[in-house]
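**Student:** Quick one: this structure, given as structure tokens, is what I'll be asking you about.
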Amino acid sequence: MSLQKITASFGLAMLCVLPLSSCSNSLRDSLAADPRLTGTATPQASPQSTAQLPPTFPAEIPKYPNATLVEARSTGSTPVEQSTDLFTRWSSADDRDRVFNFYRDELQKNGWTLNEQNAEQGRLVASRQGLRIGIGLATAQSGVNFSIETKSEQTAQVTESPAASPSPTPGTSNPSFSDIEKAPQELRSFIGDLAQLGVLTGQTKDNNTLFEPNKNVTRRVYARWLVEANNRIYRDRPARQIRLAVETGQTAFRDVSAKDPDFSVIQGLAEAGLIPSSLSGSSSAALFRPDAPLSREDLILWKIPVDTRQPLPNATIDSVKQTWGFQDASRIDANALRAVYADFQNGDQANIRRAFGFTTIFQPKRSVTRAEAAAVLWYFGFQGDGISAQQALKGEKPQ
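Using the working numbering, read the sequence shown as starting at 1 and increasing by one per residue.
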């Protein structure tokens, strides 16, 4: 079977609730939202369908509780009752974001590696122990239609480039960005390591996956990467992982509801006390502003508590001037000032040094690029007790 044919089959079944013949021959392209999926479900997608789930459907894949199976078939030559390469189509009266959040959270909690997630386009690609799945969701007139395709690693790996880098865990496949060379040379290795870990996400254009390293990173994306990077680097140390929030209790921010695709991440950071919020008693943090650009001072303010895992030290403008030599220390927010001061105590592993190099001006309100954010998230730890993404890829333990 040709590479093009396998790639087309896998990509299409992951997203489409329409026949496979209508999609493209590229895995990345086929994951893009199909404009035809925004209307009503086709007649054969009726919730009254008598389709039955094959006995070979992997038990480790979570099943959305309020969904009806519409179709199940094999994507290969093996009969559906015996095949592990399956395409299933489902319908639910719930909204798309709720179903997306369910699968993202359940997969993460159960040890799956999320190779790709795009809430806006309604797609997830995940892998675990030789099994790869693709989930695609499309809004219907009432509720959502979604598909799940399963592929064994032997089949799924055919769609990867022969030059793909070694995976950090069995069954993991991660994006290879075609524009890393646009990043500052000093930051490229950080992006590459985090991409191999499956932390970073990009955009697909003309069959290429773009990281857009010099584009501003939003607060939402950085929050997502922060949790992903920490939890993947510390995948063997649950006590150091950041727990995702569930839809109970008080919401931390007025502009991040339980329906937000990144609610579990943002709320989880707030509930852990890692970012300022109403839960931590910060009256000025009622809004999270998820789609606003991330500032340099917030880049450090959110990261340092995860590095030190202890209260931030007291700091003054003078102490920051004396340590870092920043001429604009007076412009740094009082809370962030303490994080900036603590970062200096991390020596050569200071986040500011890794992201910005030597500088005597911090520019605390300046927006952070995606490449700079990746540099900060490449290493977690404090004063020698830590681990880098590169070490995590090699299976090394925190020192």
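Glycine is no exception: its CB is placed at the ideal position from the N, C-alpha and C atoms.
Predicted model, so just to flag it, every value in this text is computed and none were measured.
Helix, strand or coil: which one does DSSP assign to S284?
**Tutor:** coil
**Student:** Assign P58 to one of two classes, buried (16 or more other C-beta atoms within 10 Å of its C-beta) or exposed (fewer than that).
**Tutor:** exposed
**Student:** What's the C-alpha gap between F376 and N110?
**Tutor:** According to the sequence displayed, residue 376 carries Val and not Phe. One C-alpha to the other measures close to 27 angstroms.
**Student:** If you run the structure through DSSP and keep just helix, strand and coil, what is R123?
**Tutor:** strand
**Student:** Just checking my contact of G202 with E212 at CB under 8 angstroms: how many whole Å lie between their CB atoms?
**Tutor:** About 7 angstroms; that satisfies the 8 angstroms criterion.
**Student:** In chain order, what residues of the same chain have a beta carbon less than 7 angstroms from the beta carbon of P162, not counting five sequence neighbours either side?
**Tutor:** Reliability fails at P162, whose pLDDT of 30 lies under 50, so the model's placement of it is uncertain and no value is given.
**Student:** What first and last residue would you give for the alpha helix (DSSP H) that runs through S319?
**Tutor:** I317 to T323
**Student:** Ignore the nearest five residues each way along the sequence and tell me which others in D85's own chain have a CB closer than 7 angstroms to its CB.
**Tutor:** S74, T75, G76, T150, K151, S152 and T155
**Student:** Report the three-state DSSP secondary structure of R243 (helix, strand or coil).
**Tutor:** Here R243 sits in coil by DSSP.
**Student:** Grouping DSSP H, G and I as helix and E and B as strand, with all else coil, what is D193?
**Tutor:** Three-state DSSP puts D193 in a helix.
**Student:** Just tell me which of V80, G268 and L131 has its CA closest to the CA of R224.
**Tutor:** G268
**Student:** Can you tell me where the alpha helix (DSSP H) with G143 in it begins and where it stops?
**Tutor:** Looking at the DSSP string, G143 is not in any alpha helix (DSSP H); the run it does join, the beta strand (DSSP E), is G143 to S152.
**Student:** Taking Cβ positions, are A371 and N214 nearer each other than 8 angstroms?
**Tutor:** yes
**Student:** Would you please state the rounded distance, in angstroms, between the beta carbons of D255 and R219? I believe it to be under 8 angstroms.
**Tutor:** The Cβ separation is near 11 angstroms, so there is no contact.
**Student:** Going by beta carbon distance, what residues of the same chain come within less than 6 angstroms of E71, once the five residues before and after it are set aside?
**Tutor:** A51 and R89
**Student:** What first and last residue would you give for the beta strand (DSSP E) that runs through I135?
**Tutor:** Segment L131 to A140, the beta strand (DSSP E) holding I135.
**Student:** Taking the alpha helix (DSSP H) that R96 belongs to, which residues open and close that run?
**Tutor:** R96 to K109
**Student:** Grouping DSSP H, G and I as helix and E and B as strand, with all else coil, what is Q82?
**Tutor:** coil
**Student:** Taking its Cβ as the centre, do 16 or more other Cβ atoms sit within 10 Å of S284, making it buried, or is it exposed?
**Tutor:** exposed
**Student:** Would you mind stating whether Q390 and D206 have Cβ atoms separated by less than 8 angstroms?
**Tutor:** no
**Student:** D105 to T369, Cα distance in whole Å?
**Tutor:** 27 angstroms
**Student:** I believe R350 touches F344 by the beta-carbon criterion, under 8 angstroms. Please report the beta-carbon distance rounded to the nearest angstrom.
**Tutor:** According to the sequence shown, residue 350 is Ala rather than Arg. Sure, about 6 angstroms apart at Cβ, within 8 angstroms.
**Student:** Using only the alpha-carbon positions, how far apart do R235 and Q241 sit?
**Tutor:** 7 angstroms
**Student:** Closest to T251 by C-alpha separation, out of V340, A126, I266 and A339, would be which residue?
**Tutor:** I266
**Student:** Taking the alpha carbon of F356 as the point to measure from, which residue in P276, Q322 and F326 has its own alpha carbon closest?
**Tutor:** F326
**Student:** Short check: CB of T113 to CB of S83, under 8 angstroms?
**Tutor:** no
**Student:** Whose CA, out of L53, G386, G395 and R331, lies closest to the CA of E81?
**Tutor:** Cα-wise, what sits closest to E81 is L53.
**Student:** Less than 8 angstroms between the CB atoms is what I'm expecting for R338 and L312, so what's the real figure, rounded?
**Tutor:** 4 angstroms
**Student:** Taking 8 angstroms as the cut-off, decide whether the C-beta atoms of L244 and S264 are in contact.
**Tutor:** A contact, by the Cβ cut-off of 8 angstroms.
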